[in-house]
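**Q**
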Amino acid sequence: MNTKEQIVQEIDSLSEPQLQEALELIRTLKQKPTLEGKAFKAYLETEEKWSGVYRRLADS
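Counting from -4, one number per residue, gives the positions in the sequence shown under this note's numbering.
1) Considering Leu9, what are the terminal residues of the alpha helix (DSSP H) in which it resides?
2) Mind checking whether Leu9 and Ala17 have CB atoms under 8 angstroms apart?
3) For Leu20 and Ala53, what's the separation of their Cα atoms in angstroms?
4) So, helix, strand or coil for Gly32, using DSSP?
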């Protein structure tokens, strides 16, 4: 059984209030920012040049 089938099976056993909560959770997951955001792209563009600075910040 794949993941989607397992999720559907679990959903079938939820009450209406639990289904509403599950729907909110799913919508929240879909809205999570991805690593493709502007800030992450900017970081990747400067990673090599500023790697020493980033390392010191991470270690502090």
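Glycine included, every Cβ here is placed at the ideal spot set by N, Cα and C.
**A** Inspection of the coordinates gives the following:
1) The residue you call residue 9 lines up with position 14 of the sequence shown. Membership of Leu9 in any alpha helix (DSSP H) is not indicated, and neither H nor E is assigned to it by DSSP.
2) Within the sequence shown, the letter at position 14 stands for residue 9. Within the sequence shown, the letter at position 22 stands for residue 17. Result yes, Cβ atoms of Leu9 and Ala17 sit closer than 8 angstroms.
3) Within the sequence shown, numbered from 1, the residue matching residue 20 stands at position 25. Within the sequence shown, numbered from 1, the residue matching residue 53 stands at position 58. As the crow flies, the alpha-carbon of Leu20 is around 31 angstroms from that of Ala53.
4) To locate residue 32, count along the sequence shown from 1; it is residue 37. For Gly32, the secondary structure class from DSSP, reduced to helix, strand or coil, is coil.
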